[in-house]
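Note that the protein sequences, when read in sequence, are chains A and B. In my numbering, each number is its position in the first sequence, counted from 1, plus 113. Read in my numbering, the second sequence has 31 at position 32, and its numbers run on one by one without any break. Note that beta-carbon positions come from the ideal geometry of N, C-alpha and C, so glycine has one too. Note that the structure is predicted; figures quoted are calculated from it, not measured. Data first, discussion second: the structure below is written as structure tokens.
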Amino acid sequence: MHLDKKDLNMPRNPSHFFRFWPLLVLLFLAAAPQLLGAPLRIIYANDTMGELEGCG
Amino acid sequence: MGGLPKKASLVRGLMRDPNRPALLVSSGNMLLNKNFTASEQTAARIRAKAMVRAHQTMGGRVMGLGTLDLSGGVSLLSALHRPPESTLLSANLLNRKSRAPLFSPYTMQKVGDLQVFLIGLTDHKAMPPDRQLSMSSWKETLPELLVQLEKKADILLLLSNYPMTDNMAIARSFPAIDCIFQAGHVTGNKAPIKIGNTLISQTDIRGKFIGVLDIEWHGHSIWQNKESAGTANKGNMYSNRFMAIKDSMRDDPLVANIIKQAKRRMIKAQAQPQAR
Chain A
114 MHLDKKDLNM PRNPSHFFRF WPLLVLLFLA AAPQLLGAPL RIIYANDTMG
164 ELEGCG
Chain B
0 MGGLPKKASL VRGLMRDPNR PALLVSSGNM LLNKNFTASE QTAARIRAKA
50 MVRAHQTMGG RVMGLGTLDL SGGVSLLSAL HRPPESTLLS ANLLNRKSRA
100 PLFSPYTMQK VGDLQVFLIG LTDHKAMPPD RQLSMSSWKE TLPELLVQLE
150 KKADILLLLS NYPMTDNMAI ARSFPAIDCI FQAGHVTGNK APIKIGNTLI
200 SQTDIRGKFI GVLDIEWHGH SIWQNKESAG TANKGNMYSN RFMAIKDSMR
250 DDPLVANIIK QAKRRMIKAQ AQPQAR
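If you want it as structure tokens, here you go:
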């Protein structure tokens, strides 16, 4: 029996895979926060003691 | 014009980073610096109100209460405690009769995707006797509170007015606390030290510096200093820096105006008794 690419449900042109690159990028971006961690900045100070004018 | 408008311009710049959601906290002794004579009370109240307004203008909603903050009396602090815009935190300052907390014991702040819970503690050993309030120790206060909060919190911070020895004991006893920002007992900037798996840090006094702690948060796991971790990228990465408030920095116009108005009111208040 002869099977061609069409019967095997394969794309006739390999470049068709690359049509979906935006989807791949979106999937990567969605997974990135879990990989990199959630960014957080804590700005802190203490003992300002009502100092309106002090400078370092 | 002084340091606070310059600090505000620096803080507001740091708060605006679109890639890094930020939380501004003051861990205690923000408002006042000593006990006052009756004639100094009015000026101290004006000063404390200006501090709270400036903190809000910078994007801050939360302040821990230190023992110095209480030198203006509970009534002043009650007037400034207006959650959620202005939340004063102390889990162990209690009403003498009812033993209920006088201020918020904790608060939740949504920062980016994270639910950040903050608890405040005031040093009960440094408090002079007061007819209006009583205090509990951290050993009495924290266990019950942490049972409520540790499962809800993505990250749990403690604003502590206790000295380093107590904060180290707290860190060893309660690993659910991720960071302790301390106030009131040590001078100079103190870069984060890791006790158990809790970071403890503080800045120098009188508003000369701000601390900036940048974190990549993966949930409760080990802390790793970004600078010393090298390529090992495990756990929660952090990097800390202290930024000095310098004369060369530009003033934030909104905060400069708050201080200008406060100064005008203080001069007016000082002049009033002489006019009588």
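- Residues of the stretch 137-165 of chain A with a C-beta atom less than 9 Å from some C-beta of chain B are Pro146, Gln147, Leu149, Gly150, Ala151, Pro152, Leu153, Arg154, Ile155, Ile156, Tyr157, Ala158, Asn159, Asp160, Thr161, Met162, Gly163, Glu164, Leu165, listed in chain order.
- Within 8 Å of the CB of B:Ser25, the CB atoms of chain A belong to Tyr157, Ala158, Asn159, Thr161, in sequence order along the chain.
- With a threshold of 16 other beta carbon atoms within 10 Å, B:Leu145 meets it and is buried.
- By DSSP's assignment, B:Arg19 forms no beta bridge with any residue.
- DSSP places B:Asp213 inside the beta strand (DSSP E), whose first and last residues are 208-216.
- Identification of chain A residues near B:Thr202 by a Cβ-Cβ cut-off of 7 Å yields Tyr157, Ala158, Asn159, ordered along the chain.
- When the Cα atoms are used, B:Met242 and B:Glu149 turn out to be separated by approximately 31 Å.
- When rounded, the separation of the alpha-carbon atoms in B:Ile179 and B:Leu253 is 30 Å.
- Between the stretch 56-71 of chain B and the stretch 121-138 of chain B there are three or more C-beta pairs closer than 8 Å, enough to call the two in contact.
- Within the DSSP bridge table, the entry for B:Ser159 names B:Leu120, B:Gln181 as partners.
- Counting of Cβ neighbours within 10 angstroms places B:Asn94 among the exposed residues, the total staying below 16.
- Around B:Gly72, no beta-carbon contact reaches into chain A at under 8 Å, the shortest distance being about 14 Å.
- Contacts between B:Met29 and chain A, judged by CB atoms closer than 9 Å, involve Ala158, Asn159, Asp160, Thr161, Met162, Gly163 in chain order.
- Annotation: the continuous beta strand (DSSP E) that includes B:Thr197 extends over 197-201.
- B:Arg205 sits in coil when the DSSP states are folded into three classes, being neither helix nor strand.
- Counting of Cβ neighbours within 10 angstroms places B:Arg44 among the buried residues, the total reaching 16 or more.
- At least 8 Å separates the beta-carbon of B:Leu76 from that of B:Leu117.
- B:Asp165 sits away from B:Val115, with the two beta carbons spaced by 8 Å or more.
- Your pair B:Lys33 and B:Ser70 checks out as a contact, with CB atoms roughly 6 Å apart and the cut at 8 Å.
- Within the stretch 205-218 of chain B, contact with chain A at the beta-carbon level (separation under 7 Å) is assigned to Arg205, Gly206, Lys207, Phe208, Ile209, Gly210, Val211, Leu212, Asp213, Ile214, Glu215, Trp216, His217.
- Contact with chain A is found for B:Leu113, since one of that chain's Cβ atoms lies less than 8 Å from the residue's Cβ.
- Using beta-carbon distances, B:Pro20 counts as an interface residue toward chain A, with a partner under 8 Å.
- In the structure shown, B:Ala42 adopts helical secondary structure according to DSSP, grouped into three states.
- The three-state reading of DSSP puts B:Pro128 in coil, since its state is none of H, G, I, E or B.
- Using a Cβ-Cβ cut-off of 8 Å, B:Leu155 does not count as an interface residue toward chain A, since no Cβ of chain A sits closer than that to its own.
- Burial state of B:Leu101 is buried, judged by a 10 Å Cβ sphere holding 16 or more other Cβ atoms.
- Using a Cβ-Cβ distance cut-off of 8 Å, the stretch 196-215 of chain B and the stretch 166-186 of chain B are in contact, since at least three pairs of beta carbons, one from each stretch, lie closer than that value.
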